[in-house]
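Okay, structure first, notes after.
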Amino acid sequence: MSEPRDIAVHRRPKGEPRFPQGPAPDPAGSHFERRIRSFQPRRSRVTAGQADALERLWGTWGLDVDGQRQLDLGAMFDGLPVVLEIGFGMGEATARMAADDPSTGILAVDVHTPGQGNLLGLADRAGLTNVRVANGDAIILLREMLAPDALDGVRVYFPDPWPKKRHHKRRLIQPEFLTLAASRLRPGALLHCATDWEPYAEQMLEVLGAHPDFANTSADGGFAPRPAFRPLTRFEGQGLDKGHLVHDLLFRRV
């Protein structure tokens with residue numbers, strides 16, 4: 006059997022977008038300040054199926070994080086409560102959660118083009134209408150494009166742990182991020198983090214526990230059991246295979 010066609014290797018005129026009907030390569034451009042980012046875009050192969058999903062479905066279910074407009078989540082999700090998922094990998098867990106709970110909308114943001122195409126394809130094949138795929142920086146999305154109290158939850162599953170000490174400043178779960186996320190969460194909404202990197206889990210627990218806008222749902226003030234609504238992710242499986250412990254943190258917006 007031949008390998009899937011790799012769209013990335015096909016030559017195109019200079020300046021022509023990779024996917025004319027799909028996600029923009031740098032949607033926010035130079036409109037916003039340069040800062041240390043918690044993510045690092047990866048160049049990897051886009052299969053024919055992923056490219057097809059991007060071309061066919063992006064105009065309906067995708068959006069670029071350009072920071073130039075505020076999203077009307079009520080109109081976008083037909084009035085459903087909306088959870089923001091930051092970093093969804095290849096989208097398998099996202100699609101599973103959307104299928105298991107069609108009464109909740111999932112706004113899933115990532116910068117990984119193959120994952121964006123994969124999630125769109127999964128949602129299309131399953132007939133899901135409660136998923137939207139956002140391309141770009143989650144900080145710009147939260148700060149510039151979402152209204153206060155717009156979200157019923159935020160999910161951050163297996164973010165990059167940036168294990169080297171000099172890179173810890175790149176970790177997403179920091180006091181500044183929590184303050185921003187809290188401003189977009191309605192009171193009582195859930196912030197759910199999961200990681201298989203023990204030092205990062207401890208830092209998450211410390212930072213969240215000290216933040217005045219969040220309260221730990223765990224009675225003992227520690228980590229929480231994995232809730233039934235969070236399926237095992239690909240990254241989690243890889244971590245478990247390596248003997249890593251997986252920690253869930255569930256905090257409510259007070």
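Quick note: the sequence shown uses our numbering, first residue 6, plus one each step. Cβ atoms here follow ideal geometry from the backbone N, Cα and C, with glycine treated the same way.
The beta carbon of Gly96 sits closer than 6 angstroms to the beta carbons of Gly120, Asn123, Leu124, Leu127 from its chain, once the five residues preceding and following it are set aside; these are given in chain order. For Asp157, the three-state secondary structure derived from DSSP is strand. Contact annotation: Leu213 and Phe256 have beta-carbon atoms nearer than 8 angstroms. Between the alpha carbons of Ala229 and Ala131 lies a gap of roughly 30 angstroms. The closest CA to that of Gln208, considering only Pro180, Ala233, Ala194, Arg74, is found on Pro180. In the DSSP assignment, Thr200 falls outside any alpha helix (DSSP H) and lies within the beta strand (DSSP E) extending over 190-200. In terms of Cα proximity to Trp63, the closest of Lys247, Pro168, Arg137, Ala143 is Arg137.
Looking at the DSSP output, Asn221 shares a beta bridge with Phe256. The beta carbon of Ala220 sits closer than 6 angstroms to those of Arg257, Val259, all from its chain and outside the five residues before and after it, given in chain order. Burial check for Pro217: the Cβ neighbour count within 10 Å stays below 16, so the residue is exposed. Annotation for Asp246: the continuous alpha helix (DSSP H) segment containing it runs 239-246.
Taking C-beta atoms as the reference points, Ala199 and Val251 count as a pair closer than 8 angstroms. The residues Arg137, in chain order, have a CB closer than 7 angstroms to that of Met81 in the same chain once the five nearest residues on each side in sequence are set aside. The beta carbon of Leu147 is closer than 7 angstroms to those of Leu185, Ala186, Arg189 in its chain, skipping five residues each way along the sequence. In the structure shown, the three-state DSSP call for Asn135 is coil. Contact check for Val88 against Met150 fails: the beta carbons are separated by 8 angstroms or more. Close CB contacts of Ile111 within its chain, under the 7 angstroms cut and outside five residues either way in sequence, are with Val88, Glu90, Thr99, Met102, Ala103, Asn135, Val136 (chain order). Judged by beta-carbon spacing, Trp202 lies beyond the 8 angstroms limit of Pro236, meaning their Cβ atoms are not closer than that value. Residue state for Val51 is assigned as coil, using DSSP reduced to three classes. With fewer than 16 other CB atoms across the displayed protein chains lying within 10 angstroms of its CB, Leu245 is exposed. CA-CA distance, His117 to Ala58, rounds to 14 angstroms.
In the DSSP assignment, Ile144 falls within the unbroken alpha helix (DSSP H) covering 143-150.
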